[in-house]
Amino acid sequence: MSASTADLILRHGRITTLDRTNPSATAVAVKDGRFLAVGDDREVMALAGPATRVVDLGGRLVLPGLIDNHTHVIRGGLNFNMELRWDGVRSLADAMDMLRRQVAITPPPQWVRVVGGFTEHQFAEKRLPTIAEINAVAPETPVFLLHLYDRALLNGAALRAVGYTKDTPEPPGGEITRDAQGNPTGLLLAKPNAQILYATLAKGPALPFDYQVNSTRHFMRELNRLGVTGVIDAGGGFQNYPDDYAVVRKLADDGQLTVRLAYNLFTQKPQHEKEDFLNWTSSVRYKQGDDYFRHNGAGEMLVFSAADFEDFRQPRPEMPPQMEGDLEEVVRVLAQNRWPWRLHATYDETISRALDVFEKVDREIPLKGLNWFFDHAETISDRSIDRIAALGGGIAVQHRMAYQGEYFVERYGAAAAEATPPIARMLEKGVKVSAGTDATRVASYNPWVSLAWMITGKTVGGLSLYPRRNCLDRETALRMWTENVAWFSNEEGRRGSIAPGQLADLIVPDKDFFACAEDELSFLTSELTLVGGRIVYGAGGFAGLDDNPLPPPMPDWSPTRLFGGYAAWGEPEGAGRNSLGYRRVAACGCAQACGLHGHEHARAWASKLPVSDARGFFGALGCSCWAV
4 MSASTADLIL RHGRITTLDR TNPSATAVAV KDGRFLAVGD DREVMALAGP
54 ATRVVDLGGR LVLPGLIDNH THVIRGGLNF NMELRWDGVR SLADAMDMLR
104 RQVAITPPPQ WVRVVGGFTE HQFAEKRLPT IAEINAVAPE TPVFLLHLYD
154 RALLNGAALR AVGYTKDTPE PPGGEITRDA QGNPTGLLLA KPNAQILYAT
204 LAKGPALPFD YQVNSTRHFM RELNRLGVTG VIDAGGGFQN YPDDYAVVRK
254 LADDGQLTVR LAYNLFTQKP QHEKEDFLNW TSSVRYKQGD DYFRHNGAGE
304 MLVFSAADFE DFRQPRPEMP PQMEGDLEEV VRVLAQNRWP WRLHATYDET
354 ISRALDVFEK VDREIPLKGL NWFFDHAETI SDRSIDRIAA LGGGIAVQHR
404 MAYQGEYFVE RYGAAAAEAT PPIARMLEKG VKVSAGTDAT RVASYNPWVS
454 LAWMITGKTV GGLSLYPRRN CLDRETALRM WTENVAWFSN EEGRRGSIAP
504 GQLADLIVPD KDFFACAEDE LSFLTSELTL VGGRIVYGAG GFAGLDDNPL
554 PPPMPDWSPT RLFGGYAAWG EPEGAGRNSL GYRRVAACGC AQACGLHGHE
604 HARAWASKLP VSDARGFFGA LGCSCWAV
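Quick note on the numbering used here: the sequence shown kicks off at 4 and runs consecutively.
If you want it as structure tokens, here you go:
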């Protein structure tokens, strides 16, 4: 095959390239994992040879692959197959039925872990389960339910498994709630940080290495299903380098990564942060690796004294007086070694103090050319945005407000929430900005929830947070998940759009992102996902093209095997029925789905069936959903 002959051609599509010099196309050619040509069918098909694979897109919309600017795939993959996910489940009754069924197949001494981006506001019942309800469905199997960042619910069996008793002392930064006799109730609270929650979760059984490999592959496939082709992995607590990177390293070495991973190194030892970064900067080269697995600098934790936590049920924490000194020591090490960094910062008070440090270091060691940035930045001020821009930094926002918006409004008021975070203002001021999720523990990994939140201004529970002036149009929101992210991994011009020479990552969503109703945005999935020119996920009419077959989830009792991932998609006639069809519930307005049509009443009425003949229709098909 010649240098100008394509390995793969996708034709007859509607391609949104996000390349300002060539914004739309109908065909794209791929060679050696990169886009070779982007244009019309005639000119691209001229690059076909005898061995070129040609895929007809059938007029479908094509978008660049989505890139999450902040998530935890490396840590999350180790446990994904052990976690029962309530992300996107719209009824507590359904969620508890999922828990009951999972308990029934989980062998001792294993736990059932409910971990992920769910909130009581997404449930029709508008509440979480009680500990009594959890004990009723799981009297003997340990159940650990992690709710966002703020609390965990443990049944009696889990309390026994972790050894929490009347004599267990109160942990730093958290609370073990107790009854009148001093016995733990099973409710753990983050006050103000999640150390007690994560430390307790870490006491559970771990999967063996080969199972962790399988688990990480299934997590990546779930991300591919949702259109994610790359992430910046933000490290995390209890994720030591290089020990806890062995699984992803093996997958990289074996060519089995289907999500590109740029990873940041997260300090693990309070009062030893400088030591960590001195060690890492002497042993790890910035950007070492390849296009699939590559080092991306430091953070999101730089020093423990600078970590302001994002639980809006708790008051804003005040950073200690030693924060600036601790932070300066680490930032100097990073700047001297030309390592970029990211810093977790929820509140402007923290951001302003951190900027004092960055500006001080910059006067002696210029930061120009280092793609450093703040994460989250919900309450950032205009003044801080300007200071970040002046130092050449960026802001990575995540959709935590989609899950915690109600709590923020309750504490600070609706007016304060209208620009939390002020994304439109950040973009207006010209600072580098991109979007992500902060999955898997404090929000869902579903990118479309983030996109829907930025476009509609609504939480997953339906609360309108932002006036329209503070929302983004669809193209701008899409760029936040594609083109804009490239700066944060120092890959501008290499990925994020569909253009010759860029990495060949793209998706075909199951509905038209630009034309579908706003209520449908968070339900989008991908039907074809391309990473490096390889079809890593195919569904619907593209299912036969899937080049990424996986063995079943391990172990055989894995919740992933039964329920799939987001919104229990693996069980569309069971737990996922109401969640996957929620948009139809909203449109239909009926109290419940009928057995024949679910909530597809409009489609049924528009069909050629004799729906106007009430007696004949109801009698023939047994449908009575319009009889009220």
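Positions of the beta carbon are idealized from the N, C-alpha and C atoms, including for glycine.
Reduced DSSP category for residue i - H, G, I as helix; E, B as strand; rest coil
i           : result
residue 540 : strand
residue 351 : helix
residue 401 : strand
residue 434 : coil
residue 512 : strand
residue 247 : helix
residue 18  : strand
residue 67  : strand
residue 635 : No statement about residue 635 is possible, as the shown extent of the chain runs from 4 to 631 and does not include it.
residue 332 : helix
residue 12  : strand
residue 74  : strand
residue 236 : strand
residue 521 : helix
residue 47  : helix
residue 456 : helix
residue 241 : coil
residue 290 : coil
residue 7   : coil
residue 532 : strand
residue 488 : helix
residue 394 : coil
residue 42  : strand
residue 466 : coil
residue 446 : coil
residue 582 : helix
Expected contact under 8 Å - CB spacing of residue i and residue j to nearest Å
i           : j           : result
residue 50  : residue 14  : Not confirmed; about 11 Å, so no contact.
residue 503 : residue 40  : 6 Å
residue 484 : residue 438 : 5 Å
residue 47  : residue 30  : 4 Å
residue 458 : residue 477 : 6 Å
residue 315 : residue 348 : The pair is not a contact, with the Cβ atoms about 15 Å apart (cut-off 8 Å).
residue 578 : residue 92  : 7 Å
Counted within 10 angstroms of its Cβ, other Cβ atoms place residue i as buried (16 or more) or exposed
i           : result
residue 443 : buried
residue 24  : exposed
residue 6   : exposed
residue 278 : exposed
residue 330 : buried
residue 153 : buried
residue 381 : buried
residue 305 : buried
residue 562 : buried
residue 73  : buried
residue 298 : buried
residue 505 : buried
residue 379 : buried
residue 221 : buried
residue 341 : exposed
residue 168 : exposed
Residue j beta carbon less than 8 Å from that of residue i
i           : j           : result
residue 75  : residue 236 : yes
residue 89  : residue 119 : yes
residue 264 : residue 216 : no
residue 312 : residue 195 : yes
residue 162 : residue 150 : no
residue 81  : residue 210 : yes
residue 187 : residue 171 : yes
residue 436 : residue 400 : yes
residue 116 : residue 157 : no
residue 242 : residue 78  : yes
residue 426 : residue 383 : no
residue 229 : residue 451 : yes
residue 20  : residue 9   : no
residue 198 : residue 176 : yes
residue 64  : residue 511 : yes
residue 575 : residue 583 : yes
residue 11  : residue 56  : yes
Let me know the beta strand (DSSP E) ranges lying completely inside the region 355-386, each 3 residues or longer, listed in chain order. 376-379
Whole alpha helix (DSSP H) runs in the region 153-224 with 4 or more residues, listed along the chain? Contiguous alpha helix (DSSP H) elements confined to the region 153-224 occur at 159-165, 198-204, taking only those with 4 or more residues.
Would you list, in sequence order, the uninterrupted alpha helix (DSSP H) runs of no fewer than 4 residues that lie entirely inside the region 88-155? 95-108, 134-140
Taking the runs of the beta strand (DSSP E) that are 3 residues or longer, which of them lie wholly in the region 246-275? 263-268
Only counting runs of 3 or more residues, tell me where the beta strand (DSSP E) segments fall wholly within the region 296-341, in order along the chain. 296-301
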